[in-house]
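Following: one structure in structure tokens, then a few remarks.
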Amino acid sequence: MSEYDVIVVGAGLAGLRAATRLAEAGRDVVVLEAEDAVGGRERTDVVDGFRLDLGFHVLNPAYPAVRRWVDVDALALRRFPVAVSVRLEDRVVRLAHPLRHPSSLPATLASGLVRPTDAVALARWAGPTVLSARAAKTGADRALSEAWDRAGLRGPLREAVLEPFLAGVIADDRQETSDAFVRLLVRSFAFGRPGVPAAGIGALPAQLADTARRAGAGIRLSHRVTGIHPHRRGHRVEIEGADAVHARAVVLSTGLAPGLDVPPSRDRGLQTWWFAADEAPTADGALRVDGRRRGPMVNTAVMTNSAPTYAPRGQHLIQATCVLPSEASETDVRRQLDDVWQTDTRPWRLLRRDDIARALPAQDPPLRLRRRVRLGDGRYVAGDHRDTASIQGALVSGQRAAEAVLADLSR
Ligand SMILES: Cc1cc2nc3c(=O)[nH]c(=O)nc-3n(C[C@H](O)[C@H](O)[C@H](O)COP(=O)(O)OP(=O)(O)OC[C@H]3O[C@@H](n4cnc5c(N)ncnc54)[C@H](O)[C@@H]3O)c2cc1C
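Here the numbering used here = 1-based position in the sequence shown + 23.
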């Protein structure tokens, strides 16, 4: 039976970060991954020459963990405009980040979407957290809808912009999510300009895997772990169709799938429809939302206006995202897209529909950052469900689990 200091189960962002830290500290570590590629929820497939991420993802380079552990330049990030366009009854309005696009401020104010009272309420709600993350980490937390009510944030800014925009980000169309978590997200949007790697979101875990291998970690794909049992001052890890391996410590970074005694977490789902088109309905790369909420879709974007690398030359890729559970049919989604983009989508070709039931761990109030990573018997747990439902949270959890392992092994 092969022997390691540490076995990491799962090669998502959390597992890859943990393995890198452990290998850099000189530990003999191997990552066992059930699938045939690294990345977990962050994967990209090439379909008919189009790069399809598993659902609509963006990478925010302002995340502290990304700044610290990711070579963003090497990913050749294709950034989206820091703006959202909103389909209203009789027009489309584009709201841009006032500090990044100051020239757009008059149009934003003239849109009728941001009334002075709403702007004040928005500042009251998010302002302190934008100035300091501590504002979200200390103090009371509650459901987002309640927090907006208390801040006096009502009207079109809330209903036509914030609700649909955030529904696609937090996979929650009812604003039950922790207000503190959403304010932290808003803070990261205020400072970063998100984008997608030129080669697809899967380039992020691919880079992390390269870093882990260079540090000395082994990564074995198509190695599904089926059981973990105490054995000789450590654990015996059983693998489907392969010999068992042994390690003094095991890091469980298996995401949101139940099993292997990972503490359960409630999850939220997302559905993304990917369409190919010969012509783009707009030249704008901004995310578009339906301010009238006339259908299942919460956001849509012409990916190729920001990331031309996502489609073969001369073609366009459009994503449309719904929150699960959803009974939406292709007809429902196309009807809403026709209306939102003011175009005939019949020539668009559906490339794929991604239903990701376990997209994100639910972040219910009160927000609990830094959930325990030690299971107490030489097993550790990492994943976004230990920190925050994000790339940031997954990377930090992997680092924390690795630090706990290192501290315990050196005792
Ligand atoms: C559609 C979608 C959009 C998102 N958009 C964003 C975004 O824009 N910005 C953002 O910050 N975050 C986003 N996220 C969240 C982000 O992708 C996750 O927080 C992060 O990828 C979680 O990483 P993880 O390592 O914790 O888990 P996972 O990625 O789930 O990794 C778990 C790994 O464990 C493996 N595994 C499971 N069981 C076993 C087993 N028995 N044996 C071996 N291996 C096993 C799995 O195959 C997988 O590779 C999005 C997520 C989804 C689904």
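Using N, Cα and C, we set each Cβ at its ideal position, and we do this for glycine too.
Within 7 Å, strictly: CB atoms of residue i and residue j
| i | j | result |
| --- | --- | --- |
| A382 | A170 | no |
| N83 | S201 | no |
| L244 | D387 | no |
| D377 | T295 | yes |
| R74 | Y333 | yes |
| G175 | A144 | yes |
| V31 | V109 | no |
| G292 | I379 | yes |
| V61 | A232 | yes |
Helix, strand or coil at residue i according to DSSP, with G and I counted as helix
| i | result |
| --- | --- |
| Q294 | strand |
| P281 | coil |
| L244 | coil |
| D410 | coil |
| D28 | strand |
| L340 | strand |
| T323 | strand |
| G49 | coil |
| L22 | Summary: the structure shown does not reach residue 22, with the chain confined to residues 24 through 434, and so no result is reported for it. |
| T332 | helix |
| R237 | helix |
| A427 | helix |
| D400 | coil |
| A382 | strand |
| D377 | strand |
| R372 | strand |
| P139 | helix |
Neighbourhood of residue i by C-beta distance below 6 Å, restricted to the same chain and skipping five residues each side
| i | result |
| --- | --- |
| V205 | L167 |
| T152 | A158, A159, R206 and R210 |
| G191 | V321, N322 and T344 |
| T43 | T234, A235 and A238 |
| P335 | G72 |
| H80 | I224 |
| R421 | For the sequence presented, residue 421 should be read as Gly rather than Arg. Closer than 6 Å at the Cβ level, and outside the excluded window around G421, lie A37, R40, A41 and A405. |
| R315 | none |
| P390 | This sequence places Leu at residue 390; Pro is not what is there. D164, S201, A203 and F204. |
| V274 | V31, A41, Y403, A405 and A424 |
7 Å CB neighbourhood of residue i in its chain, flanking five on each side removed
| i | result |
| --- | --- |
| D361 | D367 and T368 |
| S329 | R101, R102, F103, G218 and G308 |
| L373 | W296, F298 and E353 |
Buried/exposed call for residue i, threshold 16 Cβ in 10 Å
| i | result |
| --- | --- |
| M365 | Strictly speaking, residue 365 in this sequence is Gln, with Met absent from that position. So Q365 counts as exposed. |
| D301 | exposed |
| H13 | No answer is possible for residue 13: the residues shown for the chain start at 24 and end at 434. |
| V70 | exposed |
| S276 | buried |
| P281 | exposed |
| P319 | buried |
| P287 | exposed |
| G401 | buried |
Own chain, CB closer than 8 Å to residue i, minus 5 neighbours either side, in chain order
| i | result |
| --- | --- |
| M24 | R259, D266, A267, V268 and H269 |
| I262 | L55, H246, R247, V248, T249 and V268 |
| H254 | H269 |
| Q338 | G72, F73, A299, A300, D301 and T327 |
| R177 | D141, A144 and W171 |
Chain B contact for residue i (CB, 7 Å cutoff)
| i | result |
| --- | --- |
| A194 | No chain B appears in the structure shown, which is made up of a single protein chain. |
message: My parser needs the alpha helix (DSSP H) runs of 4 or more residues fully inside the stretch 150-233; what are they?
response: 157-160, 167-174, 186-193 and 202-214
task: Scan the stretch 55-136 and note each continuous beta strand (DSSP E) run of 3 residues or more that stays entirely inside, going in chain order.
output: 67-70, 73-76, 100-102, 106-110 and 115-119
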